[in-house]
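Peer 1: First the structure, which I've put down as structure tokens, then a few questions once you've had a look.
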Amino acid sequence: MTDDVSLAPPAIETVGLTKRFGSHTAVDGIGLTVPRGSVFGFLGPNGSGKTTTIRMLLGLAGASAGEIRVLGEEMPRKVADVLPRVGALVEGPAFYPFLSGAANLARLDSANRHASSRTRQDRVALSLERVGLSHAARKRVKAYSLGMKQRLGLANALLTPRELLVLDEPTNGLDPQGTREVRNLIRSLASGGTTVFVSSHLLAEIDQICTHAAIMSNGALVAQGTLDELRRAGSPRVEVRTPDPGATRRVLAALGLEVDTGAPDAGPVDSEGTDARDALIAAHADPAVAPEEIVAALVGAGVRIRGFSVMSASLEERFVALTGEGFDVAE
Ligand SMILES: Nc1ncnc2c1ncn2[C@@H]1O[C@H](COP(=O)(O)OP(=O)(O)OP(=O)(O)O)[C@@H](O)[C@H]1O
Ligand SMILES: [Mg+2]
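Set out below in structure tokens:
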């Protein structure tokens, strides 16, 4: 392992990764690149292929075609070398219901050849504390809520320090407070140098903690990059607040901008020109037309401009445009 992140191979790299279930292609030739040190959001609607991809990355399911490298090693050929370096939380971790949370973790830890049994209890206590489960350490897992089980799954992924964490929907079943705690935990792990690959439906989550993201739709990878790149790829919008909606539309259209027809214009403005009666005209911006050109053209046409703004597309708009689906933005 090298300290120089730029020299290290990507944490995850796939080429043409494909999974077919009978005639259904669940993952369709995807090429993922997850840089070292990133917090990488793996986004997509239900059934888009996130969990299937993650299972292949971890060697839990075989690929129908394609190549996978995790931490520079070929998978699944090097699975025994790679897995000790990777902490994972995938749908439904298997716990013994009649054992306590702490006893379950101790069992899982004992399966790790690289973890010393002498320090096992300390590791278990520390990871339970990190996920906020110390109070329930001695409780049987069958009495855990879904959120507590999810935390225990996370604690398992954190038992020993890892270079890469792969978390499939880590906030599933958590309340807003738990969701915030997991977010903070991911931030603190990332600041310690761990690469985190995290799948989610919750756009707010990805927006707040991730440096990079990839978007899946129907088994295909439709976009990936830094969050800024993903936002930039969406066309920004221009908004003009004006008492002269007709002239504004004409000027914007003449500049080649696509004017939104959705919002009705405000009624005619009285002689005082009160703000409440101004219209808000929105258009998709064109990178070839600079904002100052738009303003100059409007002024040239005698349009009274009371407000002008250029807004970049939100990640949510981008997601909807790419997948044709809404996003569950609630926590
Ligand atoms: N073992 C399986 N046998 C047959 N089809 C499967 C199997 N596992 C997954 N699929 C199908 O593959 C597609 C992708 O499923 P997957 O679980 O990867 O989606 P996901 O993005 O994780 O969805 P969710 O957000 O609901 O967790 C779905 O159409 C699903 O029905
Ligand atoms: Mg899933």
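Each residue of the sequence shown is one higher than the last, beginning at 118 in the numbering used here.
Where is the CB? At the ideal position from N, CA and C, for every residue including glycine.
Note that the coordinates shown come from a computational prediction; the quantities given were computed from them, not determined experimentally.
In whole angstroms, what is the alpha-carbon distance linking Leu180 and Thr135?
Peer 2: Reading the sequence as shown, one finds Ala at residue 180 and not Leu. Roughly 6 Å separates the two Cα atoms.
Peer 1: Who pairs with Leu281 in a beta bridge, going by DSSP?
Peer 2: Answer is Val203 and Thr312, bridged to Leu281.
Peer 1: Using a Cβ-Cβ cut-off of 6 Å (strictly less than) and excluding sequence neighbours within five positions of Gly146, which residues of its own chain qualify?
Peer 2: Gly133 and Thr135.
Peer 1: Assuming contact is defined by CB atoms lying nearer than 9 Å, are Thr520 and Ile398 in contact in what I supplied?
Peer 2: No answer is possible for residue 520: it lies beyond the span of the chain, which begins at 118 and ends at 448.
Peer 1: Using the beta-carbon count (16 or more within 10 Å), is Phe436 buried or exposed?
Peer 2: Buried, since its Cβ has 16 or more Cβ neighbours within 10 Å.
Peer 1: Determine, using beta carbons only, whether Leu281 and Leu271 come nearer to each other than 9 Å.
Peer 2: Not a contact, by the Cβ cut-off of 9 Å.
Peer 1: Can you list, in chain order, the residues of its chain whose CB lies under 7 Å from that of Thr85, leaving out five sequence neighbours each side?
Peer 2: Residue 85 is absent from the structure shown; the chain starts at 118 and stops at 448.
Peer 1: For a test of your reading of the model: does the CB of Asn163 fall under 8 Å from any non-hydrogen atom of ligand 1? Yes or no.
Peer 2: Yes, Cβ of Asn163 sits closer than 8 Å to a heavy atom of ligand 1.
Peer 1: If the criterion is Cβ atoms closer than 9 Å, does the pair Gly369 and Ala400 meet it?
Peer 2: Correcting the residue identity first, residue 369 is Leu in this sequence and not Gly. Their beta carbons are under 9 Å apart, which means Leu369 touches Ala400 by this criterion.
Peer 1: Leaving out five residues before and five after Arg235 in sequence, what residues of the same chain have Cβ atoms less than 6 Å from its Cβ?
Peer 2: There are no such residues.
Peer 1: Quick one: is Leu263 buried, meaning 16 or more other Cβ sit within 10 Å of its Cβ, or exposed?
Peer 2: With fewer than 16 Cβ atoms within 10 Å of its Cβ, Leu263 is classed as exposed.
Peer 1: Kindly indicate which three-state DSSP category Leu252 falls into: helix, strand or coil?
Peer 2: Position check: residue 252 holds His in this sequence, whereas Leu was assumed. Looking at His252 - three-state DSSP - the assignment turns out to be helix.
Peer 1: When the distance is taken between beta carbons, is Leu347 closer than 9 Å to Leu276?
Peer 2: Taking 9 Å as the Cβ cut-off, Leu276 and Leu347 do not qualify as a contacting pair.
Peer 1: Are the segment 170 to 189 and the segment 136 to 144 in contact at 8 Å, needing three or more beta carbon pairs?
Peer 2: Output reads yes: the segment 136 to 144 touches the segment 170 to 189.
Peer 1: Are there 16 or more other CB atoms within 10 angstroms of the CB of Val427, so buried, or fewer, so exposed?
Peer 2: Result: exposed.
Peer 1: Which of helix, strand or coil does DSSP assign to Leu397?
Peer 2: Three-state DSSP puts Leu397 in a strand.
Peer 1: If we cut at 9 Å on Cβ distances, does Leu347 have a partner in chain D?
Peer 2: No chain D is part of this structure, which consists of one protein chain only.
Peer 1: In chain order, what are the residue ranges of uninterrupted alpha helix (DSSP H) at least 4 long that sit wholly in the segment 169 to 252?
Peer 2: Entirely contained in the segment 169 to 252, the alpha helix (DSSP H) runs reaching 4 residues are, in chain order, 196 to 199, 218 to 227 and 237 to 247.
Peer 1: Taking 8 Å as the cut-off, is the C-beta of Val144 nearer than that to any heavy atom in ligand 1?
Peer 2: For ligand 1, at least one heavy atom lies less than 8 Å from the Cβ of Val144.
Peer 1: Jot down the residue ranges of each uninterrupted alpha helix (DSSP H) in the segment 399 to 425, minimum 4 residues, whole runs only, in chain order.
Peer 2: Counting whole runs of 4 or more residues, the segment 399 to 425 contains the alpha helix (DSSP H) stretches 408 to 417.
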